[in-house]
Each structure stands twice: as structure tokens, then as C-alpha cells.
Amino acid sequence: MVQETVPVVLHPFSKYLREDMMPHIWCQGCGNGVLVNAFVHALDELQTDLDKLVVVSGIGCIGRTAGYMNADSFHTTHGRALPFATGVKLANPELEVVVISGDGDLFAIGGNHFIHAARRNMGIKVLCANNLNYGMTGGQQGPTTPLESVTTTSPYGNIENPFNLVHLAAASGATYVARWTSLHVRRLTQSIKKMLQKEGFCFIEMLSPCPEIYGRYNKMRSGLEMMGWFKKASVVESFSDPSKADITADRIVVGEFVDISKLSYEKMLHEKISKINERAMEKVS
Amino acid sequence: MTEKKESKAKQEEQVRIGVYVCHCGLNIAGSVDCAEVAKYAATLPNVVLAQDNRYTCSDQGQAGIKNDIKEQRLNRVVVASCSPRLHEPTFRKTCEDAGLNKYLFEMANIREHCSWVHLYDKEAGTEKAKDLVKMAVAKAALLEPAVEAEVPITRRALVIGGGVAGIQASLDLADTGYKVYLVEKEPSIGGMMARIDKTFPTMDCSICILAPKMSDAGHHPNIELLTNSEVSEVKGYIGNFHVKVLRKPRYVTKDCSACGECVKVCPIAVPNEFDVGLAVRHGIYTPFAQAVPSTYIIDMNLCLNKDGVIVCDKCIKACDRQAISFETKPVTEEFEVGTIIVATGADVFDPSVLPNYGYGKIPNVITSLEFERLINAGGPSGGHLIRPSDRQIPKRVAFVQCVGSRSEKSGRLYCSNVCCMNTIKDSLLIKEHWPDTEICVFYVDIRAYGKGFEDLYQRAKNAGVVFIRGLPAEIVEDKKTHNVWLIGENTLRKGVYKINADMAILSIGLEARKDSEMIQRLLTLSRNQDGFFLEAHPKLRPVDAATGGVFFAGCAESPKDIKDSVTQASAAAARAGILMAKGHVTVEAITPITFPEKCTACGLCVKVCPYNAISLNKDLKRVEIVEAACGGCGTCAAECNVGALTQKHFTDEQIIAQIDAITENEPEKKIVAFCCNWCSYAGADFAGVSRMQYPPNARIIRTMCSGRVAQRFVERAFARGAATVLVSGCHLGDCHYINANYQTQKRVERLWKKMEQNGLDKQRLQLLWASAAEGEKFASKMREMKTIVDNVKPEDIEKGKKVFAKVLEATKYS
Amino acid sequence: MQKFWRRLSIPEKMRHAPLDLEKVKPAKMEIHLIKDECKGCGYCIEYCPKKVLEESDEINARGVHPPRVVDESKCINCSFCSIVCPDFAIFVTEKKNKEEK
Amino acid sequence: MKTALTGAHFLNGDVACAEGAIAAGCRFFAGYPITPATEIAEHLSQRMPEFGGIYIQMEDEIASMAAVIGASYSGLKAMTATSGPGFSLMQENIGLAVMTEAPCVVVDVMRGGPSTGQPTLPGQQDVMQAKWGSHGDYGIIALSPCSVQEMFDLTVEAFNLSETYRVPTLLMGDEIVGHMWEKVVIPPPDKIVIVNRKKPNVPREKYLPFKPDENLVPPMACFGEGFRFHATGLTHNEHGYPRTSSSEVQSELVHRLVDKISKNADKIIRVEEVMLEDADIVVVAYGIVARAALSAIRKAREKGIKAGLLRLITLWPFPEEQVANAAKGAKGIVVPEMNCGQMVREVERAAKETPVAFLSKLGEDPHTPMEILEVIRRNK
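Protein chains in written order, with the working numbering: chain S, -9 to 275; chain Z, 6 to 819; chain A, 3 to 103; chain G, 81 to 460.
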């Protein structure tokens, strides 16, 4: 009886996706699908107007997300999602601009753009799928690769200290900062909802299992094993000190870390503009 | 030391002891020749005055003493009468009134320990009385005046348990103006009373009269309500308790508006504790409609999210106020209080242990508590008394009394006080709703002792409730109709009955809470054999615990109805209030004194002190004592072998003087018994109160704790030829000084070893753990030891004298 | 109802079945599997709190074993399977009352 | 709202360019300070708000270019301005703008290179980079102003072209035209021709964001207009969906990106011809150099040498026909450039047999008329 329902059913959320782009390119057990799922759930719960939503992504596995969302979307060059989104948001503040990209794209090649967008408090919502390495290019060491992890370019174990993304975001001035894993998908969804309702620059990091590449090199051959790690190691410590929110083999600090309100760049800019013109009008008359 | 000697010397010149032997009507005089004893007393050293009188505790008795102190310049007073646990305070006051320091008073217990236990051997009784007086006089000669240290009292109270008793006590204290921490284990206060439908004898709605009190407690500015919390640690002493409370998370924040939307969506459902499983509740729930606080709670043992991963977020979504937070973690709160009221309540008896009543197997056999929920309009059946099997309203109902009370079978020998009246009330309730229901009550005795109780009993009878004396031997089910057959003997009509009913209600008794032991340990309380907490004195201090600053309210102390619980609660509040109003309390001058010049800084005393009141000052090579923290057990003094430390009012020389007094003549016939003030001495008193007869050869030396009994005391007793020695104290774990009696055990075991090595009969040294309620245990021990005394070989006694001879020198004083 | 009853963890002292069980009897759920979308990560199976799913031995269009419903009546519609699925291949709906009778 | 500047003004080239942008309807500027283009940013930071437009200084030129593309996709006319070093950084996203066909204007006020070179001195060394700077094949439009007036006029022109052909359009000024003060006459707004991008005239379901019209240019929808379309830097089909392993899609797309410029070259290209009809010697010049060339040919004529000037206003697409025609009757061609010979290669290619003499000049001053006249004389 379950079987017979199969062929006809259409997933209730298929309307949020570009059916003709499905199935997505992601591997078995990849967390990117979970992130998109959570994002879609959030959109659905908020009844977001898809006509006013712009999804921007950079390069990398998760970069394909833009193409999968049934909304205006743009797939930029490597690392440039944020400055592009800056242009979009400033040119039309009515739009809900969400950048969905990876740790390499946002924090290695795009690192400078990230800290400046956060510093300006640009009204952009950033969702980062952190898979701890460069997945699409075959698993090279990246800015978030934990110490001693093995990757195709750190075959003897990584000796570079990884970025603590939530700390970085908080320090750069983000108004909302959270970290969850693909296992905490409910909390992730709630965070995304919160983020979409906030003003200013918001950042959510989702630890995403990359079993095919990162996992394979680090003794976690399946998505279930990586999820198992998340379950074993995760501790929810909301609003604890972001600088202590580490990601190690036996401890993954997750939770919300920052939730403040601050005037966004576009708000301030457009307020200024209208003030200037009031003055101009007075001069004229 | 030297100038101390002089001072003692000075005293010795002028020690003037007055001895008063009390007849206590015939209580003592009945089996002791008091005049004879007084005459004997007059012959004792330092005694300048000895007389016997009918009631020494009477006004003129006391007046006489005062007068003599002035006129005869008495500077020591000995009264030979009842137990010091009863009248020592009285006579100490008498002395003080006459300007004599109360620590210069000593008592000989010739009633509980003598006249009452040797009713039929006046001669032996009199001889024993003489010895007891002699011991008292010997100690009295060495008594020294003392001033009591004052300890400040924190003006905050902790109330453990949020039943009606706890609520009442909290409200009383809070209204008096003291801050109260009310700690309740369950998610809501209200306790047992909240589950009851109507109260007897007035038949008013239980929750209706409780709910207002609950919300008062919830909103009172002076009450901090800590629900879903448990006291995890209590340190300190009267007036200065440091309390730790573990607040378990509710996972629902104060923002909860109790709208109940979350409950509608929660996929988890289990039987509801509040309705004894007759209704279901959800994983997120409020215990009952009137719960205080009204904040809901998530049962994390059942919640799908218990592994820390939020699998199900239905409640989160349903909650507009976003009051649900799975992040919350348990927190431990710490605060200081001056007094503690224990109102932890009672459990109900689980009748499924009585197979003959078939509870749990026969669907239509229910308990009186289940009945309360069924008859309650807010209950699962909407107030319709229906029987579980077919949910029909029963035509014939049988009540069975004393289920889990007053029976060997259930192991509950005591009467639970409330069941009779509760059943009578219940029967009337049924009659109110369904007048033509046939009701019969099977009972042993109907105990309608309280105000208005008898009327209610009569009303029930007049309403046609049939009372049959004699409990059913068994209840069997009629498999077809699911009716029940009650079969038993009618002890009035002397005949067997076999009565058919649609439903049987077991009137279950109350029993001590399973977790009482935890509270007992936290507060170093003691419990009677039924497991209920033991008051300091059954008559004169009924709501005080033996531990200073701790009081009882409600069923924690014994089964009670609501009225008594509330009464006791107010009493406890008043008692606590007295302490806090005063703001300070004096601690008995039974703390240690040190002689630094003798101290070797070995640190043994530091190790054994249960209160960490002693610290080692390495630089000065001596120990330092925090008097306020000292509990006064004296185990430090027992541990010190170099005489660098002893306990005030129980000094080595005083105790040795008592030992010597006992062993002066016919030691080979005697038992030198050391009893701790709280349990074994009280046990001996209890044996006396209950007139339990035992051989007269025991001589009891009272110490505050068995931990005070030094090896050298026992050794000296043997060295002086005592036949046997008894060391007795509270049960391990029940020690009033936390764990001091574990030292007692160690020391006795060491002595046994020594006796064995030296080929002595180790039977001669006995160790007894007896609670204040175990009079019989004490008495039988005395009988047992009598036979030992009779069988001790003289050569063994001689050998003992030699083996322990050394100690005589070591413990020589005057 | 008996079945549902057995699933409750009954604390010791409670000897009688709750009277209002029907009230809380959970609605019947229908689990929809879009088998050929499944990539076989197994998340839905692993993290179902009621263990409603298991790996089937059939092989789908993507050459993996999609899950199979073991006991649909155990499903309490938390829908975690549907939100944790990276491939939008499973979701749960409430059954229409029609086959209730 | 403030109204745009009109009438005669005494401005420097950068400011004229900024005013031109405003006149052309540019409402978004993102940039990064760099000499000698900084004054454009400074002026716009003051002017943009007055017209409800956005000025933002980004963290670098890469970001500036990205932001410009984003703004363009949000429906604003957008521009950035820089010089050599920044122009190099922008190449990555100029490529993205080409691939996603984002209309936008990039002003390169050329200075001496390579690398940091001579920030305050003129040059014409980026003109080949303008065509070939970003990787891959593509067509692009580049204009070369020779006066402050043209800094205004050609900025407007650049916006119109980029809007028409959905291609980044480059305004290749130099330090001199940028910093030089001259009279600029700005016509009233209604006299200025303004072109806006072509919008789709089909419903969402039918809309294919990269399906070209007859001019090979796809009508452009903007974000938030309800078309819910996708654009990517990957090779994509008419839906905008990536097709990274299809040779058909690749050749179709890349050829179109080249063709939409080359096939429309005649509509795009503008040159200025001075006394070419009978010219034996044709000077081909652009930018500030062309002004020296002009007085050079005048002096040559005085000395009886038939010299003419072909000034390239459009550098890319290259005015091949115009050069070829001019070359036909001529005995020789002279090409003065402030580089080591860049556009001269294109001129040689177009001039066929006609001999071409190249005159290089680097550093502070452009060629003097005398220097050019000298070469004209030598080649007659």
C-alpha cells in the first residue's frame, strides 16, 4: 500500500526547487541536501515570497544550490558571492538576498569579502555548508580543515590552524551567528527562520558530512558515521563565548552565539539618501 | 596547665555538693528506697547535703534547691531522678536562677534506667541507684563552670516538600517576614491533598481549599518556589546551613502562558501520575489544572528528543510564545538558611504485594486513591464512579480497611490514621451521587477519634452503609460478570461471610517515602522502625528534629490527616520562627578544649572530626577549633592519645571518675555501659518508659556520641576488673554527628583484636547499635550480657587487669 | 488500541489502563517514499525515533537500497525522516479517514 | 531629486565622466580608490545620493566589479572606475559580466605600467588588455575619449551600448583626459539620447533568460520581477542552466558572445575622419594623442603634405573597415601611441600593403605635434 502511492506522489516541497534541475549532483550522505531541505522548510514556514528571494552562491559543491532553488538565483565566480550580493541588495533593498556557499568559497578566496560584508552589516543572510575541505576539487585541505586531518593536499596531517567561523563572524560584526550540524536540522531550520526575519548581516554555519571525500580520508566512510560523530561530539552551548566554540574530534560546540540588533548598511544608506534629498528640495524651493 | 591545676586545687578545697533523690511519686520510690539512697549519698566525698523528696521537679522541690544553693553555699548540684533527656534543662535553669553556673549540675537517671526496669527487685534497684548517684557525685566534683558560645542565625528558611504541610509552613514563615525557599521534587506543589476529592469530616472540596494556598505560595514575595528540584547537599549547623538544590530543567521557560497548544500536538502519551494512571498525559504536560507554577514541563525520559537531537519539533512550532527550550540544563542553586522544615510527606501502600486481594489482576479491585480520582469531577471519569472492567456505575461497592496498615502480612504494623475516616467520607460521597448503591465496609476497628469524626461515622451508618468487622481473607473475581467475591470471617457474628460486589475499594495506608533515607542522610536525622522521621521528644518537642534547627511537618513524621498536617506545619513554622526571631542560638559548652603545649600536631583529631571544625596549624604545630562549626560529639577527644584535647563537660577525668565509681566495688558483677545521648541512651530510656525488665547490673555512662568513647576508657574499666563493657551508639548511617560512630566501630574492633592477641574473652566487650525506638533491643542486650557476666572466668578478669594495667597510669588524674 | 497500550511505558504503581486512551490515539500516518530519488544515505532509517523504517533489499534507479516501511502504524508523524532527507525522497501525511472503518 | 548638470561648465575629465554617468542614468557606483581615477569616485560619492543612487566603496576592485554586476542584475545601470592595477583585478569579473551578459560600464583611466608603474602619469598600455584581459573568448566594447567633453559624451555612449548589447563597456581614458580641465557643454536632459536594456515580453513560464533576439542579445529580466531565473558563470543553455560537458552548448554560447559584438560592429563603431579624402599620409590615433596628431596634420598641410587623421573613438570592436578605406589611397600610415605598440598591430592588419610607421612615447608627456609631423614628413 505504501508502494502503490509511490509513482504518483510529488514531494510537497518540490515547488521550492527547480524540478528540471533535480536530481542534485551531491553524493550519497552529503549534507548539502539536508541544508537545502532545512532552508526550504524555513521558507515554507515563513511563507516567503519566492519572487522577492535571490539566492546567490559561489563555487563548490554547495555552490550548485543557487541553480536548484526556484527563485531568482546567481552562481558567481569563486569567492565573489558576497560582493555580488552586496550589489543586488543595495540596488534593490526589497529583495531577500541569501548567500549559500561553502567554507572554502566564503573564507579562503572570499575571506576578505566576508569580513567586510559583516563589518558593513550588509543586509545579506549567509548560509555556509562547512564540509571541512574542498569537496568539488577532490578533497584538498582548506581554511576549516581540522588540525591533523588527512586530505589530498595534507597527506601527512594538516598543520594549519583552522578558522573558527562563528568566532570570525561574531568578531566581524554579524548580528546573528549560529552553528549547527546536519543532524541538528530542526534547530538549523529555526535558526534560518530567525535569520530571515532579522535585519543586517547574519551567518549560519552548518557542519556538513562529506563522507565520499573528507570522511574517506578520515576514517568515516559513510554519512551515517559522520552523523554519528556529530551526535557523539556535539554539545549545545547557546550564547557561550564564540572564541571557545571549537570543532575537534571529540567536541563540536553548536548553538546560537550572537543575536543582536543593529541598523543595516542599506537602511542607513537609504535614510541618508532621503535626508540629502529633503535638504535638496528645501534649497530648490 | 600549671595555673589550671591551682584553680582545680582551689575548687577541690571548696567543692560543696548537694544531692537530691526524687521519689517521683511512686515511680521511683516504688522500687527504690530513696531515703536509703539519700543517706548513702550523704556519705560520699564533697557531699554537704543529701535529701530525698517526692517531686524534685515540682516548684517547691526547685525552690528548695535554690534555697540550699544560697544558704548552704552549694557549688555543685546532683539530682537523682528521671532521664536528663527530660529534666536536665529544668534543673539547669533552677541552678542558674540561684546564680550557679548550669554546667555545675549533674543528674543520675534512677527512673528510666533503674526503678522502671527493675520493678520487682527493690534491693537490687536501690543498690544500683546508689551506684548511679555515686557516679554522678564523682563527676559532679570535677565539673567546671562554662559559658556557652553564641551562634548567629540566618533569617531564612528552607522548606523541603510542597504538600499542604510544606505550603502552610512556608506561608506562615513568609508572612512572619522571613525569606523561604520552598523546594518541591515534583513539577508542581500541592502534594497528596491536590489529588483528593473531598476532605473529611467537613466534606469540602479538597483542591478548592488548597488551590488558593498554592497560588499564595506561588506569588508570595518572600517565597522562592523551586519546583522540579531536589536538595542535593546540606552542610553546616543550626542557624547556618549551606544548602545546595539541584534544579532539574523543565525545558519550558517562564514565558509559558499555559495555553496547552503544545499538548495537543505532542505525539507521546503515558499514564498520568496525578490520576494514578487512570488518565493519560503527554510528553509535554502540566501535572494538573491548578498546578503551581502553571508553567508546563517536558518529560525528558519520554520525549523523542532525549538524545539531544531535536527529532520532533511539534511543541516548539505550536508555542506562540517560544517558551520551549531544549537547551536548558540542570543548575545547582546554593543559598544559606538558618532553619529547615522537613515536609516530605508519605507514599501510599502498594497493595499488589498482597496477592489475596488480587489488586492489579482483578480489574474491579481499585485503591482508595484511584477512587478519589474517579469520584473527582475533574478526574478521568468526570466524577462518575465507574468500574474499570465495563465502565458501568457499580450497584454494590465494598471497602476493605487496613490494607497496608496494622498487619504483619503487609509489614506495616502501625495505624495509618486517615483510612477509616477517608472510607467513611468516600461511602457518603457515593451515597450522595447514587443513593441506592449498596456499600459495605470491612474493618478491624473504626477509629473516629477526631473532632466531628463520630458524627460522620453515624451519618454513614444512617445512610445505610453496612460496617462488617473482619477483613476479607481473600477477594476473588467472578470471571463472567467481573464482579468480586469478598470472603472472610465476621468477627462480631462469628461466622464466615462471602459477599458479592461490583467493585472493591482497598483502603490503602500511608508509608514512609522511599526517598526518606536520602533526606535522613542529608540532615543526619533518625527514623523509627516504620521509617518515619523521629522527633526530638515525643511529648515535649514533637516537631523538632534531634538535629538543631530542623523541624518536621506533615506525614514525613507520621501519617496524618490534613488538619493535623496543617497544625504541625504551623507549629514547625513557629518553632523555626522562634530561632530566627532571636537571631542567635547558644551552643552547649561541650566543644573541645586544647592544651597546645601537649599537642604533637599529629592531626588525628583533624581526620576524625565530622564537621571539619578542626584545622592543623603546621607553623604553630597545634590544632585550631572553630567552635561554631563543632557539633560536640567529642570523637576528637577520644582520638587524642596525648591529652592535648578533651571535650568540655565530658572530660577524660570526669568520665574516668564515673568508671572508677562503678568499678570501686564488685566490678566483676557489673556492666560498664557507654551510651550515646541520642540513640542508645534514649533507647535505654525507652526501655524504661515501656517498663521492659532487665537485670540490674548495668551502669550507664552517658556521652553525647559513642565516638567519645576512647579505647583507654574501656581499657581502664577492664584494668579495674569490670566484668563486661558495652559501647553503644546510633545505627551506622544514623549518627547524629554525621559519621562519628564509624570511629566507634574502628576503636572497638581494635580493642577486640588486642583482647584476642592477649587471649582475653572478647565477649566481655560488646558493641550495640540501637535507635531511640529500640528499647527492647537494649533490654535484650542487657539480658544477654548478664549471662556473659555470669560466665566470665575470674582468671580472665585477672588477666584483663594485668593486660591493661599500663593504662591505669596513663589515665591517672587526681 | 491494545497495541498502542502496549507501547506505553507504565510506571510501577499504575495497575489500571487509562480510561481516556481513545482520546490520545494518534492519527494514522501514511509514509510516502519516492524511491528513485533516494540515494541510500540511511539517515531516515537511523534517526526514526520509532524505528518505522528499514533498508529494503530492492535496488532503485540509482542502484541503492531505498528504505522500506516496517510498521506504518508506529509512525507518530514527527517527520524527521522528511526533513533530514538530503534528496527530498520521503514525506509523511495524515491518512484520510476513509479506510478508518 | 536634484536635476542633472546642464549648460557650459569648466570641469576636469574625471568629473565630466561622473556627470556623464549620472546623465546616462547610472544609479550605482562601486569602486576602490586609485590614482588617477579617484576623482570619479569622489565626485559620485557626493552626486549619487542626490539622485537617489548608490555609491559604495568596496574592499577591492574584484569586489567592486562583482557588486556592479549584482546591481546590474537588480536593474540599475552600474559602473566602476579604476586604473591599470585595479583593471587587472577586475578582469575576473569582467569575464563574469561577459558570460552572464550583465550591462555595465568600466572606466579605466590609464596610467603608466606595468604593475604599479607611474600612478600620476598618462599611458595607453591597457588597450589590448581591454580586449583580451579576461580568460576565454568574448566580444567587448571599448571607447577612447580624447577630451573632457568626450569624457562626458562617451560615458553616456558607453552606457547606451552596454544596455543595448548586454556587454560590459570599457571607457579607456588616460591620466591627461582624466585630470585636464576644459569647458564642457552639457545638453539639457531631453536632448541626451538614453537607451535602456530590452525587457522580456513573455510570461515567466515562457521566459528563457539567455535566448537571444534577432540582434543575438537576450532580453533581460531583473531580480525581483517574478521571473525566477538563474544565471551562472558556467557554460549554460538558454535556461541559464549549467551545461558543463556539452560541446554544442559551449560553441553556441561562446560564438554568440563574440558575434553579438562583431555582427553589430557597424552599429557600434564610431571614428572621426579629418581631411582623409585626399590624404597621402594617414595618422591613426586615439585618446589624448589624437589631439597632437590633429595639429600635426594641420601643420603638415601648411607645409603642403597631404596628411589626414583617423581618430579611433571606438577601440573595440576594432574599426577595421574604416582603417582599410583610409589606407587604400594612402602612401603611408603613422600610428602614435603612448605604449610600445599595441593598436598599431591591428592597424597593420587592416592596412594590408600600406606601410605603417609607429611612433612610441612613454612617460610624462604625450607626443608633441612636431614629433608626429617629423614622422609624417619622413614617410611622405
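C-beta: ideal position from N, C-alpha, C; glycine also.
Beta-bridge pairing by DSSP links Ser86(Z) to Asn114(Z).
By alpha-carbon distance to Lys190(Z), the top candidate from Leu231(Z), Glu761(Z) and Met697(Z) is Leu231(Z). Relative to the Cα of Val71(A), the nearest Cα in the group Asp38(A), Lys52(A), Glu24(A) and Glu56(A) belongs to Glu56(A). For Ile214(Z), the closest C-alpha among the options Asn227(Z), Val370(Z) and Ala199(Z) is that of Ala199(Z). Boundaries of the alpha helix (DSSP H) around Thr181(Z): Val169 to Thr181. Thr141(S) carries a strand assignment under DSSP once its states are collapsed to helix, strand and coil. Residue environment: Pro113(G) is assigned as exposed (fewer than 16 neighbouring CB atoms within 10 Å of its CB, all protein chains considered). Rounded to the nearest angstrom, the gap between the Cα atoms of Val270(Z) and Asp483(Z) is 41 Å. Using a CB distance cut-off of 7 Å, Ile273(Z) does not count as an interface residue toward chain S. Under the three-pair Cβ rule at 8 Å, the region 440 to 448 of chain G does not count as touching the region 379 to 395 of chain G. Using a CB distance cut-off of 7 Å, Ile78(A) does not count as an interface residue toward chain S. Listed along chain G, the residues sitting closer than 8 Å to Glu84(S) by beta-carbon distance are Gly304.
The three-state secondary structure of Trp490(Z), taken from DSSP, is strand. Between Glu266(Z) and chain S, the shortest Cβ-Cβ separation is not below 7 Å. Listed along chain S, the residues sitting closer than 9 Å to Asn173(G) by beta-carbon distance are Thr66, Thr67, Arg70, Pro73 and Phe74. In this structure, the straight-line span from the alpha carbon of Ala47(Z) to that of Val53(Z) is close to 7 Å.
Taken in chain order, the members of the region 167 to 196 of chain S whose beta-carbon sits within less than 8 Å of a beta-carbon on chain A are Ser172, Leu173, Val175, Arg176 and Thr179. Residue nearest to Gly764(Z) within the set Ser373(Z), Leu379(Z) and Phe809(Z) is Phe809(Z) (criterion: CA-CA distance). Ala359(G) sits away from Ala365(G), with the two beta carbons spaced by 7 Å or more. Our two residues, Cys87(Z) and Val548(Z), have alpha carbons roughly 22 Å apart in a direct line.
For Lys386(G), the closest alpha carbon among the candidates Lys460(G), Met145(G) and Asp94(G) is that of Lys460(G).
Lys240(Z) has His247(Z) as its beta-bridge partners, per DSSP.
Pairing Leu109(Z) with Ala145(Z), the inter-Cα distance amounts to about 7 Å.
Listed along the chain, the chain A residues whose CB falls inside 9 Å of the CB of Ile371(Z) are Arg17 and His18.
Val26(A) has a beta carbon lying within less than 7 Å of a beta carbon in chain Z. Around the beta carbon of Lys107(Z), 16 or more other beta carbons sit within 10 angstroms, so the residue counts as buried.
Under the Cβ distance rule, Glu56(A) does not count among the residues neighbouring chain S, no pair being separated by less than 7 Å. Between the alpha carbons of Arg70(S) and Gly48(S) lies a gap of roughly 6 Å. Counting along the chain, Ala129(Z) sits inside the alpha helix (DSSP H) bounded by residues Lys127 to Leu147. Contact annotation: His310(G) and Ser63(S) have beta-carbon atoms nearer than 7 Å.
For His741(Z), no alpha helix (DSSP H) segment is defined, and its DSSP state is neither H nor E. DSSP places Met423(G) inside the alpha helix (DSSP H), whose first and last residues are Met423 to Ala431. Between Asn369(Z) and Arg392(Z), the gap from beta carbon to beta carbon is short of 7 Å. Annotation: Lys432(G) to Pro399(G) spans about 14 Å, alpha carbon to alpha carbon.
Shown in chain order are the members of the region 10 to 34 of chain S whose Cβ falls below 9 Å from a Cβ of chain A: Met12, Pro13, His14, Trp16, Cys17, Gln18, Gly19, Cys20, Gly21, Asn22, Gly23, Val24, Leu25, Val26, Asn27, Ala28, Val30 and His31. Of Lys347(G), Phe307(G) and Leu314(G), the smallest CA-CA separation from Asp41(S) is found for Phe307(G).
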